[in-house]
Amino acid sequence: MGVLVCGVLVLTLICQSHSLDGATNPLHRFKRYQESASSEPNDCTTRTRQPMVLSKSGNFSLDVRMPGVSPTASDTYLCVAVPVPTTRDAYIVDFEPHASMDTAHHMLLYGCRTPVSTTNYWDCGSAKGTCEDEASIMYAWARNAPPTRLPPDVGFKVGGKSRITYFVLQIHYGDVHAFRDHHRDCSGLTLRMTSKPQPFIAGMYLMMSVTTIIPPGNKVTNADVACTYNSYPIYPFAFRTHTHKLGQVVSGYRIRDGKWTLIGRQTPQLPQAFYPATKGINVKYGDTLAARCVFTGEGRTTKTYIGGTSDDEMCNFYMMYYMESRHAAPFQECMEDGSKELFQNIPPEANVPITVPPEMMMHHMMHSAGAPATPEHQDDMALLQPKREEEEVLDQGELAWRNHILHNETTCIPNGTLFLL
């Protein structure tokens, strides 16, 4: 009996000590987030909200999802913030998306210290944005992309002394016809995390065009971006491309001593997943990083600009990399236009079509007749884009939770509080 009383007393003291700094304690912030998110339960949130369990090995999972939203206007951008639920350094080692392209045009995961709001979701397509401080892109998804896996011993560092104490999920709801039945959406991500220090820290390098204008009727318009790399060595292991309807192919390169080496190349009309980068490639101080997006203006009657709506365009090449933990830089970017002199040496493959598999077009073929016209001249380097609805949906159910049940002894308190055994 004495041992039991002692244990209860110790637990009480622990709880009291946590309550003293509740305003800044990550566990308190996470508990408050869960309570606020479940204050108005609906079938969406109650079905998707999962307990978070921390095991002896330090592995745990965290859901970052929309709290049951129902956007009413097309091209709505909504954000929600979720606190990193630990006072220690933690590392994201896997991402699992829970979304479908019939609902979400794309989603981005940011990390920062001060999100615009910590109490509810908000419209982040306006001047409010995502974070009050610097926001680092950690993950991107579109078009039913499958999960992304990081290499062994690599993780995105969050919590602790890092600059990331909150995750901010941003979802772009392009066409809201799917919400005519007024259902609520809980799209988002599951983060697989660990408290075990990782020898290599993951980061994201984004090459993005902001000045491209696509003339109507043009078969080919190139958007070229290039920057000199001025930091410690990085090792790309995955890449992702992103455009809207007019994008044909996106390619990324490292240029060293005048030689162009492919990092990755893909059509953005396939699922916009992170694909494996060229094996064994690295980027060192003094190298140049370059990307080209190829667009077609065929079918358009007015100029198309870079912008945030579905009728605008984007030219993004995401490069996921790792580097030594002592030099870790979680986010780097390049938005400089590439010179004509530099890009006259780009490999011809950057303008060569990538065939979309027939099964990807099956849905469209049931709703339209005919096939894309063949280019009149091969030297036009024009790329064929299958005619399609913007958000054709492949029949893909939500991916099952993998490794959710941890094999170590754990304690899971129903209100979301975590205890490490």
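Residue numbers (UniProt numbering): 1 to 421.
The beta-carbon is built from N, C-alpha and C at its ideal position, and this holds for glycine as well.
Just so it is clear, the structure is predicted and the values come from calculations on it, not from any experiment.
CA nearest to the CA of residue i, picked from the options
i, options, result
"M66", "V249, Y173, P216 and W260", "Y173"
"L270", "T87, P146 and M208", "P146"
"A127", "Y166, Y139, A90 and L78", "L78"
"P83", "T119, E349 and G125", "T119"
"S339", "A291, T86, V93 and L108", "A291"
"Y232", "N282, D312 and I255", "N282"
"H105", "T301, T194 and Q272", "Q272"
"A223", "P216, T211 and Y229", "T211"
"G280", "G264, H182 and L342", "G264"
"I213", "E134, F295 and L150", "F295"
"H244", "Q198, G297 and A178", "G297"
"C227", "D337, I306 and S70", "D337"
"K161", "L342, V93, G129 and R88", "R88"
"S136", "Y121, I164 and G155", "I164"
"F331", "S70, K219 and M138", "M138"
"P216", "T302, Y275 and T103", "T302"
Residue i, buried or exposed, once every other Cβ within 10 Å from all chains shown has been counted against 16
i, result
"Q344", "exposed"
"G308", "exposed"
"S57", "exposed"
"R192", "buried"
"A81", "buried"
"Q378", "At Q378 the pLDDT is 31, less than 50, meaning the model places this residue with poor confidence; the figure from the coordinates comes in the next sentence. Exposed: under 16 other Cβ atoms inside 10 Å."
"P268", "buried"
"Y285", "exposed"
"R240", "buried"
"D181", "exposed"
"P152", "exposed"
"D257", "exposed"
"T72", "exposed"
"N144", "buried"
"G299", "exposed"
"D287", "buried"
N-terminal and C-terminal residue of the beta strand (DSSP E) that residue i is part of
i, result
"K219", "First-last for K219: undefined, no H or E at that position."
"E96", "D89 to H98"
"K259", "K259 to Q266"
"V80", "T76 to P83"
"L270", "First-last for L270: undefined, no H or E at that position."
"T194", "G188 to T194"
"D63", "N59 to R65"
Cut-off 7 Å between Cβ atoms - residues of its own chain near residue i, not counting five sequence neighbours on either side
i, result
"C131", "Y110, C112, T114, P115, V116 and V168"
"F179", "S70 and P71"
"V154", "Q198, F200, A202 and Y322"
Contacts around residue i, its chain only, beta-carbon distance under 6 Å, and the 5 residues preceding and following it disregarded
i, result
"T190", "S61, D63 and E96"
"A328", "I201"
"W260", "Y253 and P347"
"A90", "V158, G159, M193 and S195"
Where the alpha helix (DSSP H) containing residue i begins and where it ends
i, result
"K340", "K340 to F343"
Cβ-heavy atom distance, residue i to the ligand SAH, below 6 Å
i, result
"L206", "Absence of the ligand SAH is noted for the structure shown, with no ligands found whatsoever."
Contact set for residue i: own chain, Cβ-Cβ below 8 Å, skip 5 residues either direction
i, result
"M208", "V225, M314, C315, N316, F317, E333, C334 and M335"
"M107", "P97, A99, A140, W141, A142, L169, Q170, I171, H172, S187, G188 and L189"
"L262", "S251, G252, Y253, T278, P347 and E349"
"Y321", "A202, G203, M204, Y205, I234, Y235, P236, F237 and V283"
"T76", "D123, G125, H172, Y173 and V176"
"M323", "F200, I201, G203, Y232, P233, I234, Y235 and A329"
"S310", "S74, D75, H105, G174, D175, H244, K245 and E390"
*Which residue spans inside the segment 101-146 form an unbroken beta strand (DSSP E) run of at least 3?*
106-112 and 136-142
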